[in-house]
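For reference, each letter of the sequence shown is one residue, going 345 to 452 in the working numbering.
Here a beta-carbon is modelled for each residue, glycine too, at the ideal position from N, C-alpha and C.
Note that this is a predicted model, so its numbers are computed, not measured.
One structure is given here, and the rest of the page talks about it.
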Amino acid sequence: LNLNGLGVDCKILRLLSGPLLSGETRVSELYLQNNWIGPEGATCIARILSRDKHLKEVSLAHNPVGYVGVMAIASALEQNSSLEKLDLSYCDIDDDGIQRLTASLKSN
C-alpha cells in the first residue's frame with residue numbers, strides 16, 4: 345500500500361489501522377514516506393506492528409516520528425515476528441532511540 349507524500353496524518357492512520365488490526369485486509373508493504381506522521385501517528389503504527397502478522401515492509405522515512413514515536417515502535421517490534429524491513433531514515437531519531445531500536449531488534 346503506497347501512501348507516500350499524500351498528507352497522511354494521525355487521523356488517517358487511525359482509519360487505516362481499523363481494517364489492518366481486524367484482519368479484514370492483508371497488507372504486506374506499507375509505504376508512508378514524506379507525510380505528517382509524528383509521535384502520535386507512530387504510536388498508531390506501533391499498535392499495528394505489535395499485532396499484524398502480514399506486514400513485511402514498512403517505510404516511515406521523512407516523517408517527524410521523534411523520540412516518543414520511535415520508543416513505541418521499538419516496543420512493538422518486540423512482539424512482531426513478520427517484519428523484515430523498516431525504514432526510519434530522516435525521522436528525528438536521537439541516539440537513545442537508535443539504541444532502543446537496536447535492543448528491540450536483538451530480542452526479536
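Residues of the same chain with a CB within less than 7 Å of the CB of E428, apart from the 5 flanking positions on each side, are K400, E401 in chain order.
Each residue's CA atom was taken as its position, placing L365 and C354 some 16 Å apart.
In this model, I437 and E368 are separated by some 32 Å (Cα to Cα). Around L347, the same chain offers L376 as residues with beta carbons nearer than 6 Å, after the five sequence neighbours per side are excluded.
DSSP places V402 in the uninterrupted beta strand (DSSP E) bounded by 401 to 403.
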